[in-house]
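Residue 4 is where the sequence shown starts when you use my numbering, and the numbers rise one by one after that.
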Amino acid sequence: MKKSAFAILAVLTLFSSVTLAQEVQGLRTEGEEVEPFRISRGQSFSASTGKETRSREVGPRFSASRALLDYQEALRLILANHVDGASIDSNEITKSAISSMLQTLDPHSSYFDPAEYSELLSDQHSEYSGIGASIANFGSGDSFATFVVSTYDGSPAFDEGLRFGDKILKVDGEVMAGRSSLYVRDRVRGPIGSEVKITVERAGSGLPVTFTLSRGRVPQPSIPDYYMIGDSVGYIDLSAGFNYTTSDELTEAINELSSQGMKKLVLDLRNNTGGILEQAVRVAEKFLPRGKTILSQKGRIPIDNRTWTSKNKYPSDIPLIVLVNEETASASEIVAGALQDYDRALIVGNRTFGKGLVQSVIDLPYGAGLTLTTAKYFTPSGRLIQRDYSHVGLYDYYRHKTYLTESQQKQYLRKTEGGRTVFGGDGIRPDENAEAAKLTEIEIDLIDPVFFFSRELISGKISGQDMFRVFRQEKYVGGSKAREFEVGPATLAAFRNFVEENYPGRFDPGKFETESKFIAERIRYNIYSAAYGNVFGNRILNERDPQILRGLDLFPEARQLALRSEEKK
Numbered sequence: 004m005k006k007s008a009f010a011i012l013a014v015l016t017l018f019s020s021v022t023l024a025q026e027v028q029g030l031r032t033e034g035e036e037v038e039p040f041r042i043s044r045g046q047s048f049s050a051s052t053g054k055e056t057r058s059r060e061v062g063p064r065f066s067a068s069r070a071l072l073d074y075q076e077a078l079r080l081i082l083a084n085h086v087d088g089a090s091i092d093s094n095e096i097t098k099s100a101i102s103s104m105l106q107t108l109d110p111h112s113s114y115f116d117p118a119e120y121s122e123l124l125s126d127q128h129s130e131y132s133g134i135g136a137s138i139a140n141f142g143s144g145d146s147f148a149t150f151v152v153s154t155y156d157g158s159p160a161f162d163e164g165l166r167f168g169d170k171i172l173k174v175d176g177e178v179m180a181g182r183s184s185l186y187v188r189d190r191v192r193g194p195i196g197s198e199v200k201i202t203v204e205r206a207g208s209g210l211p212v213t214f215t216l217s218r219g220r221v222p223q224p225s226i227p228d229y230y231m232i233g234d235s236v237g238y239i240d241l242s243a244g245f246n247y248t249t250s251d252e253l254t255e256a257i258n259e260l261s262s263q264g265m266k267k268l269v270l271d272l273r274n275n276t277g278g279i280l281e282q283a284v285r286v287a288e289k290f291l292p293r294g295k296t297i298l299s300q301k302g303r304i305p306i307d308n309r310t311w312t313s314k315n316k317y318p319s320d321i322p323l324i325v326l327v328n329e330e331t332a333s334a335s336e337i338v339a340g341a342l343q344d345y346d347r348a349l350i351v352g353n354r355t356f357g358k359g360l361v362q363s364v365i366d367l368p369y370g371a372g373l374t375l376t377t378a379k380y381f382t383p384s385g386r387l388i389q390r391d392y393s394h395v396g397l398y399d400y401y402r403h404k405t406y407l408t409e410s411q412q413k414q415y416l417r418k419t420e421g422g423r424t425v426f427g428g429d430g431i432r433p434d435e436n437a438e439a440a441k442l443t444e445i446e447i448d449l450i451d452p453v454f455f456f457s458r459e460l461i462s463g464k465i466s467g468q469d470m471f472r473v474f475r476q477e478k479y480v481g482g483s484k485a486r487e488f489e490v491g492p493a494t495l496a497a498f499r500n501f502v503e504e505n506y507p508g509r510f511d512p513g514k515f516e517t518e519s520k521f522i523a524e525r526i527r528y529n530i531y532s533a534a535y536g537n538v539f540g541n542r543i544l545n546e547r548d549p550q551i552l553r554g555l556d557l558f559p560e561a562r563q564l565a566l567r568s569e570e571k572k
């Protein structure tokens with residue numbers, strides 16, 4: 004049987020006979036095997052173990068074998084008769100067929116080909132295989148290229164000396180001019196231990212340099228960064244999803260910040276699109292006492308019905324601000340919803356995405372896999388935060404367009420433990436709305452010129468600005484050994500001269516004055532990214548982040564919530 008037909012058979016039988024592996028938020032629970040899918044009457048087969056197991060009979064309303072025959076006949080006719088039949092990729096047709104089938108169910112049931120599935124499983128282990136460089140596209144007009152922005156400490160790229168501003172010319176001899184950064188990324192990644200040759204143009208010299216790097220495991224922690232804001236406020240960036248190490252990472256961050264004098268905490272869940280449910284539960288229970296419900300899960304199969312509670316005898320009582328936005332989804336909404344329902348944290352930012360569906364991850368033959376929605380989850384107060392998807396297309400759904408009427412909104416009304424009103428049916432509404440920073444049109448236009456100026460600046464090619472030269476990226480250690488970079492009038496004047504020389508007539512001279520704060524901030528961001536990596540560079544952008552600043556203003560309210568929550572233990 005062809006691979007494509009086998010994949011179709013596996014998917015079709017899932018809907019009628021599978022005992023689903025219980026997975027939540029699109030990732031597999033560590034140590035558990037995927038349950039089998041059926042391939043013939045009275046038998047089933049585990050893609051992960053290869054063992055025959057029991058399965059349920061196919062219901063009278065559905066015949067997997069009949070559907071498979073229909074698909075095979077359709078595929079045969081297409082390949083034999085379509086005008087482009089000789090060049091059609093049957094695997095691509097299969098992928099499209101399975102994806103379309105799943106999309107008729109809900110927006111979050113998805114099919115992954117072997118390469119995509121491998122990447123999905125790598126993400127849950129907080130790592131991938133590659134060289135460990137952050138790259139991005141920059142250009143002028145219709146011409147653009149891919150540049151190294153930073154490297155990860157201890158990665159092959161870091162160890163071999165790739166650095167900010169390196170223009171990627173070739174990967175294994177293939178020219179990368181005009182290619183998107185995603186295309187370049189896919190060429191750079193590969194099996195652990197394999198070699199890749201990368202030719203770059205060094206800033207300032209214009210000469211090509213070729214590096215031969217051995218690909219390795221590159222960590223992708225859930226918490227890219229944490230640090231103190233002032234003397235008493237800790238900031239933890241939990242933006243990179245929930246994977247197997249999230250709870251341990253959070254414990255380490257809290258302990259380290261506490262040793263530095265943390266008395267209040269900002270937990271940043273913005274852009275956190277979810278991950279392993281068990282880890283989300285462990286994060287929430289760090290702030291909720293034993294016995295408190297964190298979420299309940301309800302599905303068609305008994306094993307899908309479950310309630311998750313805190314097991315923590317000694318939860319933290321620190322005043323807590325949680326930042327959220329439209330990309331805060333799934334597992335991160337579980338954390339925000341539980342903390343809000345118990346009045347344990349003040350939620351600040353924008354309404355979250357609104358994903359309350361639970362996915363099981365299922366292995367398919369030949370390395371493929373899929374995520375299938377098998378349950379819904381509810382916050383402690385009984386809120387289903389899933390947005391309606393039955394009357395909107397995928398485009399509108401992912402753009403967060405909702406059509407709830409006022410009466411529909413009322414049916415989702417619930418009360419927190421302290422009696423505050425909260426809503427469901429459309430994500431988590433923050434306790435305090437705070438708009439995110441939005442780049443103006445002129446600021447967007449300035450980003451590329453600022454990058455190219457910074458590239459020259461850190462390579463020592465801007466006259467009179469040698470203090471900003473960075474020879475290679477280093478690990479930030481703080482204290483007296485850390486370099487501090489302040490962008491003053493002389494540097495801004497040099498930038499203006501650079502723009503007038505390289506972008507004649509593009510910018511109104513008056514804009515250099517009105518946009519001076521933005522220009523200085525972005526130059527500093529680039530310099531710090533070159534010196535210590537863009538994770539540290541993001542601290543520069545956070546200094547003027549309006550949602551962080553608003554959260555800092557609201558700690559008196561967060562303190563009152565923490566005190567009332569402590570009284571209810």
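Backbone N, C-alpha and C fix where the C-beta goes; we use that ideal spot for every residue, glycine too. Owing to the predicted nature of the structure, the values given are computational and were not obtained by experimental measurement.
Where the beta strand (DSSP E) through residue i begins and ends
| i | result |
| --- | --- |
| residue 142 | 136-143 |
| residue 220 | 219-222 |
| residue 170 | 170-174 |
| residue 200 | 198-204 |
| residue 363 | 360-366 |
8 Å Cβ cutoff met for residue i and residue j
| i | j | result |
| --- | --- | --- |
| residue 216 | residue 226 | no |
| residue 301 | residue 381 | yes |
| residue 386 | residue 422 | no |
| residue 503 | residue 449 | no |
| residue 446 | residue 521 | yes |
| residue 351 | residue 550 | yes |
| residue 524 | residue 542 | no |
Backbone secondary structure at residue i - three-state DSSP
| i | result |
| --- | --- |
| residue 155 | coil |
| residue 1 | Past the edges of the chain, shown from 4 to 572, lies residue 1, and the structure says nothing about it. |
| residue 288 | helix |
| residue 564 | helix |
| residue 441 | coil |
| residue 395 | coil |
| residue 423 | coil |
| residue 180 | coil |
| residue 573 | Residue 573 is absent from the model: the chain starts at 4 and stops at 572. |
| residue 104 | helix |
| residue 333 | coil |
| residue 323 | strand |
| residue 148 | strand |
| residue 213 | strand |
| residue 87 | coil |
| residue 407 | coil |
| residue 296 | strand |
| residue 559 | helix |
Rounded distance between the beta-carbons of residue j and residue i, thought under 8 Å
| i | j | result |
| --- | --- | --- |
| residue 291 | residue 560 | Residue 291 to residue 560, Cβ: 19 Å. No contact. |
| residue 342 | residue 361 | That pair is no contact at about 20 Å. |
| residue 461 | residue 490 | The Cβ separation is near 12 Å, so there is no contact. |
| residue 558 | residue 267 | 5 Å |
| residue 337 | residue 297 | 7 Å |
| residue 156 | residue 536 | 7 Å |
| residue 98 | residue 116 | 6 Å |
Straight-line Cα distance separating residue j from residue i
| i | j | result |
| --- | --- | --- |
| residue 497 | residue 171 | 26 Å |
| residue 206 | residue 457 | 10 Å |
| residue 564 | residue 318 | 15 Å |
| residue 435 | residue 354 | 10 Å |
| residue 439 | residue 284 | 27 Å |
| residue 486 | residue 493 | 19 Å |
| residue 251 | residue 224 | 11 Å |
| residue 453 | residue 417 | 48 Å |
| residue 432 | residue 186 | 37 Å |
| residue 139 | residue 188 | 10 Å |
| residue 514 | residue 442 | 14 Å |
| residue 397 | residue 110 | 7 Å |
| residue 403 | residue 102 | 21 Å |
| residue 394 | residue 358 | 16 Å |
| residue 459 | residue 315 | 53 Å |
| residue 165 | residue 475 | 8 Å |
| residue 401 | residue 333 | 13 Å |
| residue 80 | residue 68 | 18 Å |
Opening and closing residue of the alpha helix (DSSP H) in which residue i lies
| i | result |
| --- | --- |
| residue 375 | It is not in any alpha helix (DSSP H) - residue 375 instead sits in the beta strand (DSSP E) that spans 372-381. |
| residue 251 | 249-262 |
| residue 490 | No alpha helix (DSSP H) holds residue 490; DSSP gives it neither H nor E. |
| residue 552 | 549-556 |
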